[in-house]
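In what follows, a single structure is set out as structure tokens and then discussed.
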Ligand SMILES: Nc1ncnc2c1ncn2[C@@H]1O[C@H](COP(=O)(O)OP(=O)(O)OP(=O)(O)O)[C@@H](O)[C@H]1O
Ligand SMILES: [Mg+2]
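Residue numbers (this note's numbering), protein chains in the order written: chain E, 316 to 610; chain Y, 2 to 310.
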């Protein structure tokens, strides 16, 4: 019995990031749960956003001045993100923890002995996939939601209109992608999901258990804000802006001017930078655990 | 040439000493059995060879290199560690493809190893639906993927039917025949006696023997002859006088060691004692192995019984 016939030898290089990235892509695309998760991101992103926008449009006529000033057609178009953030988190954690659950992480680390390469490849693949899907969804969702507003009789305000023009507007304000902050908000919505995915991936490498990783991830997004709220407002006011969920809000809010978000939220890009910093720290800790602990 | 060299390997998990100062060598061209009872540290040793668990002390190298320094590890070392360590939702072909890509192994090789282990027909099926035997075959396919010179198999016959066991046995031998280094663990001495040429035996993480199967059997089994005679008492005296060790067996029989059945027969004949039975007994390998690896015995002592008078 001859076992080998067609394997051409290779002399140069070593099994590295390029090879492992290819492999991680094969692994990601070859399980059905990936496609289900991505479908949920798209459907929830567009569908839920359109639904919420539809409801908000129906309320416009009865809104007072303050509420009209806060009416944010861009943010409404991204409400599906609330669901998507959990879906991408589960996906990010699972591509690590499912390998620990089955023991196949040992196969992976045996094929690529440099463990940080494995982490990097997983990060690159999942970030790229989520980036593409989340950005397409965010922009599609934006246009669908503005179409919903238009169907309710909404009209775009002339460009350069102030917030005063918005609250005096007789018709529902519709955002254009060229409205100030709109493209940025929609783009950062996708970025928010990418950064959260990476955070979940890092948590997966730190905890190695699916249930634990997802619990911690959900805790950061849902429970931590509740805990902060219990604190005296002198403390909570200064912490709140650093919460991942509030960083996400800061990244997609357009009409922060003199509204109830003012002062509470960071500027959009500062928020994106802060969340990226969180992701980096968590990934570094995950990499440290990966390298130091037995597989 | 010795391909795998372990030098004073030690590994503890908390207070458990899984591997304790283990040194051994595995050479190319033969099947080397890695034998030890459950929990003796076989899998732990394999994980250390693969660079997955870090030894607390000592070192293990493949052709003088650490696993971590192999540039294309899958092309040098193939391993079956845990058969079920595959994502259940992935097909066998995609699983192998993802492995192949890590070491730039062409796609055709995936189909080749699938064919080799007889999984071609189910290559597109989800691995979660595989039986244990099919998973073992997939594990063997992934080990062979990179056409490596060194192969590690951790209990590869687990869950296989007799036909599958025979297939693995022949596969291991033919891989060794091609000059590869084959290191295969088992807790069944009988299996190793059929498959392996060399033997590394451990108990409680410590080395008990690093030898060949033949030597192991020769030096550890004691030829015993079972004798029945109506004059058992007199026969025992006669046999003792020619240097035999005699103990009493079941139903008034005698168990005789140190002399062979021919000499027993001759001595009985010379003394005019009738024999009803004269049958050589071989202590089973499994018994020898169990005795060697149990804690209560002197590891180097023979299975000797006290002399009856
Ligand atoms: N990751 C781990 N964490 C804690 N203890 C471990 C770990 N791996 C192994 N052990 C312990 O180390 C000892 C050796 O285990 P190992 O799995 O290496 O034995 P084995 O010879 O492969 O046994 P078996 O024949 O049952 O497969 C056992 O006591 C086991 O409980
Ligand atoms: Mg084991």
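Yeah, the Cβ is synthetic: ideal placement off N, Cα and C, and Gly gets one too.
Asked                                                                                                                               : Found
Whether residue 101 of chain Y touches residue 115 of chain Y by CB criterion (8 Å)                                                 : no
Contact set between residue 337 of chain E and chain Y, taken where Cβ atoms lie within less than 7 Å                               : 102
Through-space distance from residue 511 of chain E to residue 144 of chain Y, alpha-carbon basis                                    : 36 Å
Bridge-paired residues (DSSP) for residue 66 of chain Y                                                                             : Y:63
For residue 485 of chain E, the nearest candidate out of E:383, E:412 and E:368 (CA to CA)                                          : E:383
Contact list for residue 74 of chain Y against chain E, beta-carbon separation under 7 Å                                            : 330, 425, 426 and 428
Check: residue 362 of chain E C-beta below 7 Å from any heavy atom of ligand 1                                                      : no
Check whether residue 598 of chain E and residue 529 of chain E have beta carbons under 8 Å apart                                   : no
Heavy atom of ligand 1 within 7 Å of residue 40 of chain Y beta-carbon                                                              : yes
Spatial neighbours of residue 433 of chain E in its chain, beta-carbon cut-off 7 Å, leaving aside the 5 residues before and after   : 335, 423, 424 and 427
Residue 192 of chain Y: CB within 7 Å of a non-hydrogen atom of ligand 2                                                            : no
Where residue 458 of chain E falls, given that 16 or more other Cβ within 10 Å makes a residue buried                               : exposed
CB of residue 82 of chain Y within 8 Å of CB of residue 157 of chain Y, strictly                                                    : no
Three-state secondary structure (DSSP) of residue 290 of chain Y                                                                    : helix
Alpha carbon of residue 173 of chain Y to alpha carbon of residue 421 of chain E, nearest angstrom                                  : 23 Å
Close Cβ partners of residue 497 of chain E (< 8 Å) along its chain, the five nearest in sequence each way excluded                 : 389, 457, 490, 491 and 569
is_contact[residue 604 of chain E, chain Y] using C-beta, thresh 8 Å                                                                : no
Neighbour list for residue 342 of chain E in chain Y, Cβ cutoff strictly below 9 Å                                                  : 88, 91, 95, 96 and 99
Neighbour list for residue 30 of chain Y in chain E, Cβ cutoff strictly below 7 Å                                                   : Per Cβ cutoff of 7 Å: no residues; residue 30 of chain Y is ~15 Å from chain E at best.
Helix, strand or coil at residue 534 of chain E [DSSP, three-state]                                                                 : helix
CA-to-CA distance, residue 228 of chain Y to residue 252 of chain Y, given in whole angstroms                                       : 11 Å
Members of the segment 32 to 48 of chain Y near chain E, C-beta cut-off 9 Å                                                         : 48
Alpha-carbon to alpha-carbon, residue 121 of chain Y and residue 142 of chain Y                                                     : 11 Å
Closest residue to residue 30 of chain Y among Y:198, Y:10, Y:21 and Y:137 (Cα-Cα distance)                                         : Y:198
Close Cβ partners of residue 469 of chain E (< 7 Å) along its chain, the five nearest in sequence each way excluded                 : 372, 486, 487, 488 and 489
heavy atom of ligand 2 below 7 Å from residue 278 of chain Y C-beta                                                                 : no
Validate contact between the segment 45 to 53 of chain Y and the segment 214 to 222 of chain Y using beta carbons, cut 8 Å, 3 pairs : no
Integer Cβ distance of residue 146 of chain Y from residue 106 of chain Y, believed to fall under 8 Å                               : 6 Å
At least three beta-carbon pairs within less than 8 Å, the segment 353 to 364 of chain E to the segment 322 to 334 of chain E       : no
Proximity below 8 Å, CB of residue 533 of chain E to CB of residue 555 of chain E                                                   : no
Simplified DSSP assignment, three categories, for residue 244 of chain Y                                                            : coil
Near-chain Y residues of the segment 410 to 422 of chain E (beta-carbon distance less than 7 Å), N- to C-terminal order             : 413, 417, 418, 419, 421 and 422
Endpoints, the alpha helix (DSSP H) within which residue 491 of chain E is located                                                  : Unbroken run through residue 491 of chain E: none, as it is neither H nor E.
DSSP-derived helix/strand/coil call for residue 281 of chain Y                                                                      : strand
Three-state secondary structure assigned by DSSP to residue 683 of chain E                                                          : Summary: the structure shown does not reach residue 683 of chain E, with chain E confined to residues 316 through 610, and so no result is reported for it.
Cβ shell of residue 303 of chain Y (< 6 Å), same chain only, five flanking positions each side left out                             : Low per-residue confidence applies at residue 303 of chain Y: pLDDT is 42, beneath 50, and the placement is therefore not dependable, though the value from the model is reported in the following sentence. Excluding residues within five positions, the ones whose Cβ falls inside 6 Å are 223.
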